[in-house]
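Novice:
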Amino acid sequence: YSGQRNHINKFRRDFPDAEFTPLTDPQDPRLAAFWRDYETEFHKTGPLAVQELALAQEMFSRIGTGWFCAGGMMAEGRLVAVCLAEKCGGTLVNHIEKALYSHAGAYPALVQAFADHYGGDCQWCNREDDARDKGLRTSKLQYLPEALAGKVRMEVGTELDALKAVPTLKTERLTLTPLRKADIPAYSALCLDDERNRWWGYDYRTDLGDKPLTDTYFYDDARADFAARRALNFAVRLKGKLIGEVVLYRPDFRGGFEQGCRIAPEYAGHGYGTEAFAAAADWALYHLGLARVVAKCFKENEPSRRMLASCMRPSGEDETYFRFEKTV
Numbered sequence: 003y004s005g006q007r008n009h010i011n012k013f014r015r016d017f018p019d020a021e022f023t024p025l026t027d028p029q030d031p032r033l034a035a036f037w038r039d040y041e042t043e044f045h046k047t048g049p050l051a052v053q054e055l056a057l058a059q060e061m062f063s064r065i066g067t068g069w070f071c072a073g074g075m076m077a078e079g080r081l082v083a084v085c086l087a088e089k090c091g092g093t094l095v096n097h098i099e100k101a102l103y104s105h106a107g108a109y110p111a112l113v114q115a116f117a118d119h120y121g122g123d124c125q126w127c128n129r130e131d132d133a134r135d136k137g138l139r140t141s142k143l144q145y146l147p148e149a150l151a152g153k154v155r156m157e158v159g160t161e162l163d164a165l166k167a168v169p170t171l172k173t174e175r176l177t178l179t180p181l182r183k184a185d186i187p188a189y190s191a192l193c194l195d196d197e198r199n200r201w202w203g204y205d206y207r208t209d210l211g212d213k214p215l216t217d218t219y220f221y222d223d224a225r226a227d228f229a230a231r232r233a234l235n236f237a238v239r240l241k242g243k244l245i246g247e248v249v250l251y252r253p254d255f256r257g258g259f260e261q262g263c264r265i266a267p268e269y270a271g272h273g274y275g276t277e278a279f280a281a282a283a284d285w286a287l288y289h290l291g292l293a294r295v296v297a298k299c300f301k302e303n304e305p306s307r308r309m310l311a312s313c314m315r316p317s318g319e320d321e322t323y324f325r326f327e328k329t330v
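Using my numbering, the letters of the sequence shown correspond one by one to residues 3 to 330.
1. What does the Cβ neighbour count give for Ala-20, buried or exposed, with the cut at 16 atoms within 10 Å?
2. Could you compute how far the alpha carbon of Ala-311 sits from the alpha carbon of Thr-26?
3. For Met-76 and Gly-107, what's the separation of their Cα atoms in angstroms?
4. Considering only C-alpha positions, which residue in the set Arg-134, Ala-133, Leu-143 and Glu-247 is nearest to Pro-110?
5. Jot down the residue ranges of each uninterrupted alpha helix (DSSP H) in the stretch 196 to 250, minimum 4 residues, whole runs only, in chain order.
6. If we count the other Cβ atoms within 10 Å of its Cβ and call it buried at 16 or more, is Arg-64 buried or exposed?
7. Under the three-state reduction of DSSP, which class applies to Thr-67: helix, strand or coil?
8. Am I right that Leu-244 and Tyr-269 are in contact with their C-beta atoms under 8 Å? What's the rounded C-beta distance?
9. Just to confirm the assignment: which complete alpha helix (DSSP H) runs, minimum length 4, are found wholly within the stretch 264 to 329?
10. Would you be able to state if there are at least three C-beta pairs under 8 Å between the stretch 164 to 174 and the stretch 275 to 282?
11. Whole angstroms is fine: what's the gap from Asp-222's alpha carbon to Leu-81's?
12. Can you tell me where the alpha helix (DSSP H) with Leu-81 in it begins and where it stops?
13. Quick check on Phe-116: does DSSP put it in helix, strand or coil?
14. Between Glu-41 and Glu-60, what straight-line distance do the alpha-carbon atoms span, to the nearest angstrom?
15. If we ignore side chains and look at the alpha-carbon of each, how far apart do Leu-112 and Arg-139 end up?
16. Could you tell me the alpha carbon to alpha carbon distance between Val-84 and Pro-24, rounded to whole angstroms?
17. When you compare only the Cα positions, how much space is there between Ile-186 and Leu-162?
18. Go through its chain and collect everything with a Cβ distance to Asp-30's Cβ below 7 Å, but skip five positions before and after it.
19. For Gln-261, count neighbouring C-beta atoms within 10 Å of its own C-beta (all shown protein chains included) and say buried if the count is 16 or more, exposed if not.
20. Relative to the alpha-carbon of Asp-284, which residue among Lys-89, Glu-327, Leu-146 and Ala-72 has its alpha-carbon at the smallest distance?
21. Closer than 8 Å is the cut-off here; do at least three beta carbon pairs connect the stretch 293 to 301 with the stretch 315 to 330?
22. Using the Cα positions of Ala-226 and Pro-180, report the straight-line distance between them to the nearest angstrom.
23. May I have the straight-line CA-CA distance separating Val-248 from Ala-266, to the nearest angstrom?
24. Just to confirm, is the Cβ distance from Gly-242 to Val-295 under 8 Å?
25. Which word fits Arg-7, buried or exposed, when buried means at least 16 other C-beta atoms lie within 10 angstroms of its C-beta?
26. Specify, as a first and last residue, the run of the beta strand (DSSP E) that Ala-149 falls within.
27. Can Arg-232 and Gly-246 be called in contact, C-beta distance under 8 Å?
28. Residues in the same chain with beta-carbon distance under 6 Å from Leu-192, minus the five sequence neighbours each way, listed in chain order, please.
29. Quick check on Thr-160: buried or exposed, where buried means 16 or more other Cβ atoms within 10 Å of its Cβ?
30. Using the rule of at least 16 other Cβ atoms within 10 Å of the residue's Cβ for burial, across every protein chain shown, is Gly-90 buried or exposed?
31. Give the single residue among Glu-157, Pro-305 and Leu-146 whose Cα lies nearest to the Cα of Gly-5.
32. Which whole-angstrom value describes the C-beta separation of Glu-130 and Val-95, a residue pair presumed to lie in contact below a C-beta threshold of 8 Å?
33. Do you know offhand how far Gln-53's Cα is from Lys-166's?
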């Protein structure tokens, strides 16, 4: 432990007024000042490093939820190091540690003070992985850890991961298929219909931003969503012609998906939306294996309310939406 002890002693000599302080308010102005100071000294420009810093800041925005314990080292009237952890059984799991590079020894001083303050009822302290960084590995090994665990990578999936392709479904009058390149003009017209899409609850301009709107933008976006298994888009066809779409999206990772449907205005009023929506929901429950399909509509959208009520049961409402669900 001599290496870490020497760092702590140097920090205490250089900053004799340093003290540990718990952090419980995400709006604490000391935190905002720390992130400004940290970014001034942070010179890593790689995408992973930049993303990791942004996620660390997001995690600290949740310290008021009661899930985490957080604290920092104060020196010279400001925060110079911060840590966020949680208690899992008898283990204190340190998720995030950040310190100003200009304050040598702040990291080990923080680790020691944090464990003293929060770890009294814990048998273990999990310092987590070293990201294959030589400096981090050297530092963490100087604590003489009791054990080094293997690293496990987990990716949370959904029922869509079981699909190799978007299937084809048939109803009495309609066919639901994958989108095709030949659908691009009709599909783009459907997605660009602002009058009807105000009920869709999504404005494509939000994601488009400053990028140019290409002819294939919506088609490419739908294909990318399915490639990542984020969503599944069915083209709704009448005698082979695309007249609308049904979308399974927004998984809850507990066996449920949200479903939406839109039909081109010239085909409205013939029950095509109800027919397509019901077929897709039944397939999702009884073939894909979902536990539930949910949907919502704006309270002002009476046609959608009637459509959803005909094939799902009401599950609640708020100031904006009527909500529905269908279960096995």
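Think of the CB as a built atom: it goes at the ideal place given N, C-alpha and C, for glycine as much as any other residue.
Specialist: Looking at the coordinates:
1. Residue 20 sits at position 18 when you count from the first residue of the sequence shown. Counting the other CB atoms within 10 Å of its CB gives Ala-20 a total of 16 or more, which places it among the buried residues.
2. Working through the sequence shown from its first residue, we reach residue 311 at position 309. Working through the sequence shown from its first residue, we reach residue 26 at position 24. Cα-Cα distance, rounded: 45 Å.
3. What you label residue 76 is simply residue 74 of the sequence shown in a count that begins at 1. What you label residue 107 is simply residue 105 of the sequence shown in a count that begins at 1. Taking the straight line from one Cα to the other gives about 13 Å.
4. The residue given as residue 110 occupies position 108 in the sequence shown. Comparing Cα positions, the closest option is Leu-143.
5. Unbroken alpha helix (DSSP H) runs of no fewer than 4 residues, entirely contained in the stretch 196 to 250, are found at 196 to 199, 206 to 210 and 219 to 229, following chain order.
6. Numbered from 1 along the sequence shown, position 62 holds the residue referred to as residue 64. When all chains shown are included, Arg-64 counts as exposed.
7. Stepping through the sequence shown from its first residue, residue 67 is reached at position 65. Here Thr-67 sits in helix by DSSP.
8. Stepping through the sequence shown from its first residue, residue 244 is reached at position 242. Stepping through the sequence shown from its first residue, residue 269 is reached at position 267. Between Tyr-269 and Leu-244 the Cβ distance is about 10 Å, and since that is not below 8 Å, they are no contact.
9. 274 to 288 and 304 to 313
10. yes
11. Here residue 222 corresponds to residue number 220 of the sequence shown, with the count starting at 1. Here residue 81 corresponds to residue number 79 of the sequence shown, with the count starting at 1. Looking at the two C-alpha atoms, the distance is approximately 46 Å.
12. Working through the sequence shown from its first residue, we reach residue 81 at position 79. No alpha helix (DSSP H) holds Leu-81; the beta strand (DSSP E) holding it covers 80 to 90.
13. Counting from 1 along the sequence shown, the entry for residue 116 is found at position 114. Three-state DSSP puts Phe-116 in a helix.
14. For the purposes of this step, residue 41 is identified with residue 39 of the sequence shown, where counting begins at 1. For the purposes of this step, residue 60 is identified with residue 58 of the sequence shown, where counting begins at 1. Looking at the two C-alpha atoms, the distance is approximately 15 Å.
15. Position 110 of the sequence shown, counted from the start, is the residue given in the question as residue 112. Position 137 of the sequence shown, counted from the start, is the residue given in the question as residue 139. Distance between the alpha carbons of Leu-112 and Arg-139: 17 Å.
16. Residue mapping note: residue 84 aligns to position 82 of the sequence shown, counting from 1. Residue mapping note: residue 24 aligns to position 22 of the sequence shown, counting from 1. Going by the C-alpha atoms only, they are around 9 Å apart.
17. On the sequence shown, position 184 is the one that residue 186 refers to. On the sequence shown, position 160 is the one that residue 162 refers to. Inter-residue distance for Ile-186 and Leu-162 is about 24 Å (C-alpha atoms, whole angstroms).
18. As a first step, residue 30 is located in the sequence shown; it is residue number 28 there, counting from the start. Cβ neighbours of Asp-30 beyond the five flanking positions: none.
19. Taking the first residue of the sequence shown as position 1, residue 261 is located at position 259. Classification of Gln-261: buried, given that the 10 Å Cβ count is 16 or more.
20. Stepping through the sequence shown from its first residue, residue 284 is reached at position 282. It is Glu-327.
21. yes
22. As a working note, residue 226 is residue 224 in the sequence shown. As a working note, residue 180 is residue 178 in the sequence shown. Roughly 13 Å separates the two Cα atoms.
23. As a working note, residue 248 is residue 246 in the sequence shown. As a working note, residue 266 is residue 264 in the sequence shown. Approximately 12 Å, taken between the alpha carbons.
24. If you number the sequence shown from 1, residue 242 lands on position 240. If you number the sequence shown from 1, residue 295 lands on position 293. Contact: no.
25. Looking up residue 7 in the sequence shown gives position 5. Within 10 angstroms of the beta-carbon of Arg-7 lie fewer than 16 other beta-carbons, which makes it exposed.
26. For this step, residue 149 is matched to residue 147 along the sequence shown. Here Ala-149 belongs to no beta strand (DSSP E), and DSSP marks it neither H nor E.
27. Translated into positions along the sequence shown, residue 232 becomes position 230. Translated into positions along the sequence shown, residue 246 becomes position 244. No.
28. For the purposes of this step, residue 192 is taken as residue 190 along the sequence shown, with counting starting at 1. Here the set comprises Ala-266.
29. The count along the sequence shown starts at 1 and reaches residue 160 at position 158. By the 16-neighbour rule on beta-carbons within 10 angstroms, Thr-160 is buried.
30. Stepping through the sequence shown from its first residue, residue 90 is reached at position 88. Contrary to the premise, residue 90 reads as Cys rather than Gly in this sequence. Per the 10 Å Cβ criterion, exposed.
31. Taking the sequence shown and counting its residues from 1, the one referred to as residue 5 is at position 3. Of Glu-157, Pro-305 and Leu-146, the residue nearest in Cα terms is Leu-146.
32. Here residue 130 corresponds to residue number 128 of the sequence shown, with the count starting at 1. Here residue 95 corresponds to residue number 93 of the sequence shown, with the count starting at 1. Between Val-95 and Glu-130 the Cβ distance is about 7 Å, and since that is below 8 Å, they are a contact.
33. In the sequence shown, residue 53 corresponds to position 51, counting from 1. In the sequence shown, residue 166 corresponds to position 164, counting from 1. For Gln-53 and Lys-166, the distance between alpha carbons rounds to 31 Å.
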